[in-house]
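Residue numbers (numbering that gives the first Met the number 0): 0 to 121.
From the three backbone atoms N, C-alpha and C, an ideal C-beta is built for every residue, glycine too.
Computed from a predicted model, the values in this text were never measured in an experiment.
This report refers to the structure that appears directly beneath it.
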Amino acid sequence: MQKASTRNKELKDQWETLVSILTERFSETESIDIEGILYLIGIQELGQVHERFKKDDNVDIIHIGICSALEPFGYYAFDYFDDDRWPHFKLTEELPPLKPGEQSILMKEAVVHYFIQKGLIQ
């Protein structure tokens, strides 16, 4: 039980560090939330950092962020780039049925892992 508690504290600390860093870099007024972080991941993976996107593109960008973050966990795999150079993923394993709090923990773990791999946090 203590191991899970230690892991939860470690994730909480890493998450707070990540939110602090990203908020400082990308938000002038309020703390960046998980949706905003997934959007940033999507933009990073899309590779079109300085582009202006249509409102309808935002959902697709967040989806790219989700797929990219969950890819190392085995849920998604990169499939191809379309003609506009947008990445597409295929579902490789169904996500387990999770309660909302469990979904949040999974996404935070995936996002923290993503930024550890990118060298932003440890």
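*At a cut of 8 Å, does the segment 65–75 reach the segment 46–53 through at least three beta carbon pairs?*
no
_Spatial neighbours of L105 in its chain, beta-carbon cut-off 7 Å, leaving aside the 5 residues before and after_ = L97
*Does the separation of the CB atoms of L119 and I36 fall below 8 Å?*
no
*Confirm, please, whether the CB-CB distance from P71 to H138 is below 8 Å.*
The structure shown does not extend to residue 138, since the chain spans only 0 to 121, so no value can be given for it.
*Report buried or exposed for Y38, applying the criterion of at least 16 other Cβ atoms within 10 angstroms of its Cβ.*
buried
_Neighbourhood of K89 by C-beta, 6 Å cutoff - its chain only, sequence neighbours within 5 removed_ = A76 and D78
*Please classify H87: does DSSP put it in a helix, a strand, or coil?*
strand
*Every unbroken alpha helix (DSSP H) inside the segment 49–76 [4 residues or more]*: 56–69
*Identified DSSP bridge partners for Y79*: H87
_Contacting residues, own chain, Cβ-Cβ under 8 Å from L17 (five flanking each side not counted)_ = I36, V110, V111, F114, L119 and I120
*Exposed or buried, which one is Q102 when buried takes at least 16 other CB atoms within 10 Å?*
exposed
_Between the CA atoms of D82 and K8 - distance to the nearest angstrom_ = 43 Å
*DSSP state of L39, grouped into three classes?*
helix
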